[in-house]
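Heads up: the sequence shown is residues 208 to 887, going by full-length UniProt numbering. Glycine included, C-beta positions come from ideal geometry on N, C-alpha and C. Accompanying notes for the structure given below.
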Amino acid sequence: SPRTEKPSSEVKTVCPYCGAGCEIHLGVRGGRVVSARGVRESPVNRGNLCVKGRFGLKFVNSPERLKKPLMKVDGRFVEVEWDEAIKFIAERLSEYGGSEFAAVASAKCTNEENYLLQKFTRAVMGSGNIDHCARLCHAPSVAGLKMSLGSGAMTNSIDELRDAACILAVGTNATETHPITGYRVLEAVRGGSRLLVIDPRITRLSEAADIHLRNRPGTDLYLIMAMSRFIIEEELQDTDFIGSRTDGFDEFREELFKLDLDEVQEITGVPLEDIRRAARIYASNSPASIIYSMGVTQHVNGTGNVLALSNLALLTGNIGMPSAGINPLRGQNNVQGSCDMGALPDLLPGYQGLDDPEALEKFSRAWDSEIPDYGKILPEIFEDAAGGRIKAMYIMGENPLLSEPDIGKVREAFEKLELLIVQDIFLTETSELADVVLPAASFAEKDGTFTNTERRVQLIRKAIDPPGDAKPDWWIISRIAEAMGSGEFSYETSEEIFDEIRGLVPSYAGLSYDRLESGGIQWPCRSQEDEGTPYLHADEFPKPGGRASFIVPGYQLPEGPSDEYPMILLTGRNLYQYHTRSMTARVRGLERFLGTEELLMNPEDAESLGVLDGDEVRVTSVRGSITVGVRVTERVMKGTVFMTFHFAESPANSLTSPVRDPVSGMPGLKATPVNIKPCK
Ligand code: SF4
208 SPRTEKPSSE VKTVCPYCGA GCEIHLGVRG GRVVSARGVR ESPVNRGNLC
258 VKGRFGLKFV NSPERLKKPL MKVDGRFVEV EWDEAIKFIA ERLSEYGGSE
308 FAAVASAKCT NEENYLLQKF TRAVMGSGNI DHCARLCHAP SVAGLKMSLG
358 SGAMTNSIDE LRDAACILAV GTNATETHPI TGYRVLEAVR GGSRLLVIDP
408 RITRLSEAAD IHLRNRPGTD LYLIMAMSRF IIEEELQDTD FIGSRTDGFD
458 EFREELFKLD LDEVQEITGV PLEDIRRAAR IYASNSPASI IYSMGVTQHV
508 NGTGNVLALS NLALLTGNIG MPSAGINPLR GQNNVQGSCD MGALPDLLPG
558 YQGLDDPEAL EKFSRAWDSE IPDYGKILPE IFEDAAGGRI KAMYIMGENP
608 LLSEPDIGKV REAFEKLELL IVQDIFLTET SELADVVLPA ASFAEKDGTF
658 TNTERRVQLI RKAIDPPGDA KPDWWIISRI AEAMGSGEFS YETSEEIFDE
708 IRGLVPSYAG LSYDRLESGG IQWPCRSQED EGTPYLHADE FPKPGGRASF
758 IVPGYQLPEG PSDEYPMILL TGRNLYQYHT RSMTARVRGL ERFLGTEELL
808 MNPEDAESLG VLDGDEVRVT SVRGSITVGV RVTERVMKGT VFMTFHFAES
858 PANSLTSPVR DPVSGMPGLK ATPVNIKPCK
C-alpha cells in the first residue's frame, strides 16, 4: 500500500500549504512522493508538521495532474504540444496591451515565478493590472502596517511566541489555519504566557485563553480602541517609547476619549469590565505579541482594524524587541513572497513605489521597458472584465471561481473575456472556462524560493520530474515572453531569476541560493555579511524621520442582520482542507476527516428553525443561495452561522459580499447577512 511505502531518498524542501512554511524531508520512490517528515533543525517547525504537511502531499502523484497543454476547440479541450500552445498564446496576446490585459499571480508559486509574471505583465504587456489572492487576505495588513510602521510584514518570528509574556490573538483560528503557529501559542501558554483571544467563535485558542472576548462579528475596531482607552485611563502606556519613537499620539489620545463606552459594549456585546481586564493584562505583561488573521482583515474596515492593533502595540512599546510586535499570520505558503515580488498593482518588487522616480528608472533600465502606472486590484479586474474593458487574462495557479466573493459575477466576467489563459497543476473550476490550459509543475518538481509568514526566504528543491510535459511556471512565462519578442526572459534556471531579484530588491540583496542552502534567512538581508532580521524596527521605523505613526482609524460596521436576512454568515477554513481543495481533494486521508461542507449553527438557532445535526438547509443572501448540511454546536454564537469556502458543491462565496474596504480593496467576506430555511 502507498501508505507504508518507504522512500528510496529524501529531499529537503518546504511544505506547500500554509504560510508557516514548515521545512520537510520529502520522501520519494520511483518518481513519486511517498512520505514527509519535519526537519528537526528547522527554526520554524522544529521537526513537527500538521496533518496536511505530514499526510497531505500525495496530490502530487494524482493521475488527474495536467500533463499536456490543452486548447479549446469547438468547446472541448484537445491536447497540443508546447510549441503550438506558446505560438497561439503569443499571437493572441499580441492583439492586446495596456489596460486590456490583466494577470493574476499566485501565492502558491515561487518568488521567482511571481516576479516573472509581474515583469511580463508590466514590461511585455505594458499593463499595471497584476494582483493576486493577498487582496483577499492581508491587503489591509500591507496597507495599514505600511502606513503606521513603514512595513507591512510580520514584525517578529514564529519561534519568539514561546517567550512572549502575553499573546493577544485576534480573529485567528491558528490551530486550524496555521497549525504549527497555533501549537507554538499553546506551548507558550503551557510555559506560563497569558493568552487573550478576540473571536466571535469558540476555538482551541479561545479555550486556552485567560480571557475570551467573544465579540459580535466585525466589531473588533471598537473593542481594540476601548482597550487602548483603558490602558491610558490606567496609565499603563509606555510614555518613553511613545515620546522617543512615535508621532501622532495626542490626536490618537483625543480620539480615544471621544469613545462612548456604553456604545462600545452594546456594539461588541462584550462587557466593559472584560475589555478592561484584557487591556490590563496586555499592557502589564511585556513582551506582548499580537497575532491576527482573516478575522481582522476580511472586513469592510479591515485596514482600520489593523491600524487599531498597531496603535495598541505602539501605545505599550511592544514593538522592536523579541517576542513582541504585531504579526499578521499570512495564509498561503508564499503570500508574503508574492507581495515582496511586486505581484501587486500599486507596488514594484520590494514594495518600491510607482511614484518613486529612482525606482522607476531602476526597473525601466533593468527590464528595458517603460513601467506602466498603477493597475487595477483583483475585484476591479473582474469588474473591468465583466464590462468588456479587460479582454485578455492570464491566471497562474489560482481558482477565483471559488475563492472570490460573489462568484456568480466572476463567472460572468470570465465568460465575457476574449482570451483566458490558465496554468495550473489540475483542471480547476476556473480552468474549465479557459481557452488554453497550461500544465504546471508542482512544488516537488521544481527549484525556487518561498518566503514564509515571518519573512524567512527558504529554498524549495526539485525532488521528482513533473508528470508528462508539465513545466515550472517560470519556464512557461519565459518562453511566452520570448515568443512575443522580448529579449529579457532568457532564463534557464530559477537561480538566474533570483539573482536578478536580489539586484533589484534591497531587502533581498544579501540572499543567494548558496547562502540559503544552509537554511532560510529572514529579510531584510542587505549584504552577504547580514544574517537577516528575526524582528523588525529595533532602532527605527522605515518611515521618514524613522518614527512610527499613531493613525486614527475610521469606524465602519459591516452590514447587519435585517428582517429578510436575520443571521450573519462567517466564513473561514478547516484544518483538513485547503482553500478551493484543488490539492486536498486529491488526498484520500484528508477527505475522510472532512469530505463535505457543513454549516455550524448554535443550538438555540437550530431549535427555533427546527433542524437537527445533518439536516439540510437552504442558505440565501442577497447574492445567491446554496444548500448545505447543518452541524449544531455551541462554537458559534446565536445569530451567526459558519462555513468554509472549500467546497464547490456548496460554494460559500456565491453568498458573500464584494463590498470593499476603501483603503485596501479587501471585500467584507467575514460577515454576510443570510436567511436560513430548512429543506424538508
Ligand atoms: Fe504545512 Fe502549515 Fe501544516 Fe506547517 S503548519 S505542515 S506549513 S500546512
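One or two residues paired with residue i in a DSSP bridge
{"i": "residue 232", "result": "219 and 244"}
{"i": "residue 599", "result": "308 and 626"}
{"i": "residue 534", "result": "498"}
{"i": "residue 373", "result": "401 and 495"}
{"i": "residue 339", "result": "The partner list for residue 339 (beta bridge, DSSP) is empty, contrary to what the question assumes."}
{"i": "residue 560", "result": "554"}
{"i": "residue 880", "result": "775"}
{"i": "residue 454", "result": "756"}
{"i": "residue 647", "result": "678"}
{"i": "residue 823", "result": "836"}
{"i": "residue 885", "result": "824"}
{"i": "residue 657", "result": "665"}
{"i": "residue 806", "result": "837"}
{"i": "residue 848", "result": "776 and 808"}
{"i": "residue 286", "result": "277"}
{"i": "residue 239", "result": "236"}
{"i": "residue 519", "result": "Looking at the DSSP assignment, residue 519 forms no beta bridge with any residue, so it has no partner."}
{"i": "residue 418", "result": "403"}
{"i": "residue 225", "result": "539"}
{"i": "residue 729", "result": "663"}
{"i": "residue 631", "result": "646"}
C-beta contact flag for residue i and residue j at 8 Å
{"i": "residue 890", "j": "residue 372", "result": "Look at the range of the chain in this structure, 208 to 887, and you will see that residue 890 is not part of it."}
{"i": "residue 364", "j": "residue 661", "result": "yes"}
{"i": "residue 551", "j": "residue 338", "result": "yes"}
{"i": "residue 504", "j": "residue 347", "result": "yes"}
{"i": "residue 806", "j": "residue 838", "result": "yes"}
{"i": "residue 657", "j": "residue 254", "result": "no"}
{"i": "residue 841", "j": "residue 810", "result": "yes"}
{"i": "residue 589", "j": "residue 617", "result": "yes"}
{"i": "residue 828", "j": "residue 870", "result": "no"}
{"i": "residue 404", "j": "residue 420", "result": "yes"}
{"i": "residue 655", "j": "residue 317", "result": "yes"}
{"i": "residue 527", "j": "residue 745", "result": "yes"}
{"i": "residue 275", "j": "residue 286", "result": "yes"}
{"i": "residue 300", "j": "residue 691", "result": "yes"}
{"i": "residue 268", "j": "residue 308", "result": "no"}
{"i": "residue 407", "j": "residue 863", "result": "no"}
{"i": "residue 468", "j": "residue 515", "result": "no"}
{"i": "residue 556", "j": "residue 361", "result": "no"}
{"i": "residue 849", "j": "residue 455", "result": "no"}
{"i": "residue 325", "j": "residue 511", "result": "no"}
Nearest to residue i (by Cα), restricted to the options the options
{"i": "residue 683", "options": "643, 667 and 848", "result": "643"}
{"i": "residue 446", "options": "374, 327 and 522", "result": "522"}
{"i": "residue 714", "options": "821, 546, 759 and 279", "result": "546"}
{"i": "residue 634", "options": "407, 645, 838 and 627", "result": "645"}
{"i": "residue 712", "options": "565, 534, 316 and 419", "result": "565"}
{"i": "residue 398", "options": "404, 656 and 390", "result": "390"}
{"i": "residue 396", "options": "422, 368 and 703", "result": "368"}
{"i": "residue 266", "options": "251, 278 and 243", "result": "243"}
{"i": "residue 386", "options": "500, 333, 328 and 460", "result": "500"}
{"i": "residue 328", "options": "583, 408 and 593", "result": "583"}
{"i": "residue 222", "options": "510, 251 and 532", "result": "251"}
{"i": "residue 321", "options": "844, 721 and 679", "result": "679"}
{"i": "residue 541", "options": "512, 605, 862 and 444", "result": "605"}
{"i": "residue 442", "options": "472, 530, 483 and 570", "result": "483"}
{"i": "residue 706", "options": "219, 603, 433 and 719", "result": "719"}
{"i": "residue 214", "options": "230, 226, 231 and 235", "result": "235"}
{"i": "residue 723", "options": "570, 249, 245 and 444", "result": "249"}
{"i": "residue 478", "options": "422, 559 and 676", "result": "422"}
{"i": "residue 383", "options": "224, 572, 330 and 245", "result": "224"}
{"i": "residue 230", "options": "240, 238 and 219", "result": "219"}
Residue i: CB within 7 Å of a non-hydrogen atom of ligand 3
{"i": "residue 285", "result": "Absent from the structure shown: ligand 3. Ligands present: ligand 1."}
Would you call the segment 591 to 602 and the segment 344 to 362 touching, i.e. three or more CB-CB distances under 8 Å? no
Pocket of ligand 1 defined by Cβ to heavy atom distance under 5 Å: For ligand 1, the selected residues are 222, 224, 225, 227, 229, 256, 257, 259, 260, 386 and 387.
Please confirm if the segment 648 to 655 is in contact with the segment 724 to 737, defined as three or more CB-CB distances below 8 Å between the two stretches. no
Count the CB pairs spanning the segment 492 to 500 and the segment 361 to 372 that are closer than 8 Å, and state whether there are at least three. yes
Kindly confirm or deny that the segment 260 to 268 and the segment 277 to 290 touch, where touching means at least three C-beta pairs closer than 8 Å. no
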